[in-house]
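Take the sequence shown: its position 513, counted from the start at 1, is 513 in the numbering used here, and no numbers get skipped.
The structure appears right after this line, and notes come after that.
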Amino acid sequence: MRQVLGMGGWSRPMKQVDERNGGLLSSRPTPLHASMNGSRLLRLAAQLLGAAAAVWLADRYANTWVLLPPTFLKPAELTGAQFGMVLGVLLACKAVIVGLFTLRRPSPLADPVRLIVELTAAVCAASLAGVSMFVLTTVPFNPNFYFLIYLLMCGGYVLAFAAASARRGAMQEDAESAPPIVSGSLRLARSPLSWLAVVIAAAPGLLAVGYKKDRDFADMINSIRASLNYSSAKEWMLVDLYPGVEFDQPMEVDFDPTDPSKLYYLSRPGRLIALQPSVSPEPEVMIDMTERVKSIEFELGALSAALHPEFGQPDSPNAGYVYIWFTRLEAAREQYNLLSRFDLSLPTLEERNASELVMMNVKRRPSRMHNGGTAQFGPDGFLYLSVGDSMDNKLTQRIDDSLLSGILRIDVDNRGGEISAPISKQPRDGMTAHYSIPRDNPWFDEPGALQEFWAIGFRNPFRMWIDPETGAAWVGDVGFESWEEFSRIESGGNGQWDYREGPVESEFGGPDGPVLGVETPPFYSYRQTSMDRAALGGVIYRGAKYPQLFGMYVFGDNNSGVLRMLDPNESDPEPVILAQATQFGQQGPTSISVTPEGEIILTVLGSKERADGQLQVLRPREGGAAADPQDALASMDIAAKYTMVCARCHGDDGRGMVDAAGAADGMPPRPDFRTAEWQEMREDAWIQKVILDGGLAGGISGHMPPWRGFLNEKEGAEMVAYLRAMARESGAE
């Protein structure tokens, strides 16, 4: 058999390359192979060390050395723990593959064909690690990161091979004696295992594409991640509030203030739907804007609806008004964000649709993203509107151009006089009308300003809640590539986007000029993962249904569907997982609110193809510590219960807040229980009714919440007696 002289004296018969599996399992050693084999363990250690170096470099430069087109998933920096997890999984995959398939073979530095086999094994190890991290964990997934690992690992092998070849005097080559790299590569290409390796190598990228493009596939991946990475508190669970009732992509829900058994929910395609399950399971379409909305791709659609504070009051001219924030797509390159008022008191759908009064019509970048979107009335009677930056970070710190990247505050009642003034400036590429500007807006007197701004500096404040007690805005701002934010904002506040994200400086650099307003960092932020990556603003819970959650901030994540709570008064709050919605990702939760009975509810979007959205309610899990709040309160005397539920508004001694200064928080004056006047004016039955069923039940302000469920009938009577005793102790009787 003819001999071939190759690199540095390496010789073997041409047919000595085992053609089983295209040469992949070649195992017949030559004299040079035997001399280069060395210690297998040392060789494995060197390969693992090289792999670790590749992971470290890829992590360090993944967002700098961008070698792929724009990725399908947002890249994010890894925390130390996440990096350690990726490194550990990749090294484990590398050790297994090398140990099973290549470690007992000759050194990859001796034979170009063996080098190709080793490169294939290295890429397969990195791919298996990437697939494992993508499917089984919540670690952020960046395809460019894994592609860099491929290149760095392969580059390391090639450099090592070149160095080894140089040491052997590899320049002694001629055309006839060249190593069989071409023929060996062709044999490898015919091997089924080689094609399997190609599929494995491409798997992370294919998964990323499928996750982004196919909603059902994304939901399947999210379900796997959720089952493996989240465990809700044993005390709580989320269940359907109205089992069997179909909801069509619900975005928000609001309850009729005159009849809490009736609700209105806004569907993403553009319908406002009335539902009264206690009367009939059949919904009634009150407004249909689907022809106006047209597209619900990306973040388009109907976003928020707010009933006027005087909704349902028969003597009010505002009794039927609802205000809806939605998007309109005229063409591929023309997107508008609108605020419109509709009159629900009209008898027919056609009349209600025709009652539309457009108050804002703002043309924006056609990104179809970052629309914001909460409309809510504050305790001052003004309408607040959270708006996103439309993916134009050049306008996030400006108040003279467009109505973007902030919280707007307007007077839809046009009160005038010392309260509000007419609109003085129109936004670029937009129209505003039919409302006034509150004179105490922070930039009302700023020359050239769009006076609607109440706060600025937000990226995509999708859900906002206006605190009825303080008037502050609690905002969940969806982050860019690393952080999700939750902030407590007051008039003139600046959420610091785009020069800061979470607790760190952003990649866009500092502001171009002096910072407007009061810089307000988030009170809580978290690093993005592959699941937790879309902040869903929540509420401060002050209801009676869940005393364990009283005073806590209850919030969520739109992508993971996880509901959490934390104490907003702590300097470094640690959130606690309460429960998780049954749908995630693009079908996940869209809002968090509280029912008139004090229950926390979530709207869950569901699918575009079928009406499988949900209205879920937080409930104590049977057998959990939260199952019976009365058990937890049984040992508390009535004085302690007064302190927990009443003292916040009425004072520890019952003196209340009866003057204008005391009511400056937007709440109505609160009576002094100690006075003889109040004691004589109110009967025991009336006091008990208001305590248990709320202020509306007694014909007074709805700011007095119902405490039934926290207090039973017996305790309601005890509370009345306790209030009577306050008068005796103060000497009023």
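Glycine included, each C-beta is placed from N, C-alpha and C at the ideal position.
The structure displayed is predicted, hence computed values, not measured ones.
Would you mind stating whether residue i and residue j have Cβ atoms separated by less than 7 Å?
i    : j    : result
D429 : S405 : no
A121 : F101 : yes
P143 : G210 : no
R670 : G654 : no
I466 : N494 : no
S127 : A54  : no
L385 : L408 : yes
G476 : N222 : no
A579 : W236 : yes
I287 : F342 : yes
I410 : L383 : yes
N559 : A581 : no
W474 : E501 : no
V617 : I601 : yes
Measure the C-alpha to C-alpha separation of residue i and residue j and round it to an integer number of angstroms.
i    : j    : result
A627 : D693 : Here the model assigns A627 a pLDDT of 44, short of 50, so the residue's position is not dependable and the matter cannot be decided.
A717 : T258 : 26 Å
I592 : V539 : 7 Å
T79  : G561 : 22 Å
S107 : G99  : 13 Å
Y754 : V198 : This structure gives no information on residue 754, because the portion of the chain shown stretches from 1 to 733.
L109 : R225 : 40 Å
Q313 : Y321 : 11 Å
V504 : A162 : 43 Å
D557 : T374 : 16 Å
Q47  : D59  : 18 Å
L615 : R104 : 59 Å
V515 : E282 : 52 Å
M740 : E252 : In this structure the chain extends from 1 to 733, so residue 740 is not present and cannot be described.
E570 : E118 : 53 Å
S525 : Q397 : 21 Å
A725 : C646 : 15 Å
L136 : T590 : 25 Å
V245 : A305 : 21 Å
S165 : I97  : 25 Å
T603 : I489 : 24 Å
A721 : P427 : 58 Å
F134 : G479 : 20 Å
P706 : E597 : 7 Å
E609 : T595 : 28 Å
T432 : A685 : 50 Å
W56  : G543 : 49 Å
Please look up how many angstroms separate the CB atoms of residue i and residue j, rounded, as I've assumed it's under 8 Å.
i    : j    : result
A129 : C93  : 5 Å
F742 : L563 : The structure shown does not extend to residue 742, since the chain is modelled only from 1 through 733, so no value can be given for it.
Y61  : L148 : 7 Å
N441 : G372 : Going by Cβ atoms, the distance from N441 to G372 rounds to 18 Å, so no, they are not a contact pair.
R786 : L344 : With the chain covering only 1 through 733, there is no way to say anything about residue 786.
P522 : F486 : 6 Å
N587 : D219 : According to the sequence as given, residue 587 is Gln; it is not Asn. Indeed, because the Cβ distance is near 6 Å, the residues count as touching under 8 Å.
L115 : Y150 : Not really, about 15 Å apart at Cβ, beyond 8 Å.
L751 : L300 : Absent from the structure is residue 751, since the part of the chain shown begins at 1 and ends at 733.
Which same chain residues end up closer than 6 Å to residue i when comparing Cβ atoms and leaving out the 5 residues on each side of it in sequence?
i    : result
G666 : Because the pLDDT of G666 is 44, which lies under 50, any placement of that residue in the model is unreliable, and the question is left without a value.
R333 : P366
P573 : Y524, L566, D567
N318 : H308, E310
D612 : G606
Which same chain residues end up closer than 7 Å to residue i when comparing Cβ atoms and leaving out the 5 residues on each side of it in sequence?
i    : result
A660 : Confidence in A660 is poor, its pLDDT being 37 and thus under 50, which makes the residue's placement too unreliable to answer from.
P309 : F377, G381
A52  : L87, L91
W65  : L148
F217 : G210, Y211
Q276 : S261, K262
H434 : L357, M359
Check whether the Cβ of residue i sits closer than 6 Å to any heavy atom of the ligand ADP, and report yes or no.
i    : result
F342 : Judged by which ligands are present, the structure shown has none, so any question about the ligand ADP falls away.
Leaving out five residues before and five after residue i in sequence, what residues of the same chain have Cβ atoms less than 8 Å from its Cβ?
i    : result
I399 : G406, W443, E446, A449, L450, F453, I456, L516
D532 : T138, E484, Y526, D557, N559, S560, V562
At the 7 Å Cβ level, is residue i part of the contact set with chain B, yes or no?
i    : result
A685 : Any reference to chain B falls outside this structure, which holds one protein chain only.
Query raised in the report: In chain order, which alpha helix (DSSP H) runs of at least 4 residues are fully inside the segment 480-507?
Result: none
Query raised in the report: Considering only residues of the segment 440-479, which uninterrupted beta strand (DSSP E) runs meet the minimum length of 3 residues and lie entirely inside it, listed in chain order?
Result: 453-456, 463-466, 473-477
Report task. Taking only runs that begin and end inside the segment 280-306, name each unbroken beta strand (DSSP E) of 3 or more residues, in chain order. Result -> 280-288
**Report entry** Segments assigned beta strand (DSSP E), at least 3 residues, entirely inside the segment 98-173
**Finding:** none
Query raised in the report: Where in the segment 211-252 do unbroken runs of the beta strand (DSSP E), each at least 3 residues long, occur, reported from the N-terminal end onward?
Result: 236-240
Report task. For the segment 323-397, list the alpha helix (DSSP H) runs that are entirely contained and at least 4 residues long, ordered along the chain. Result -> 349-354
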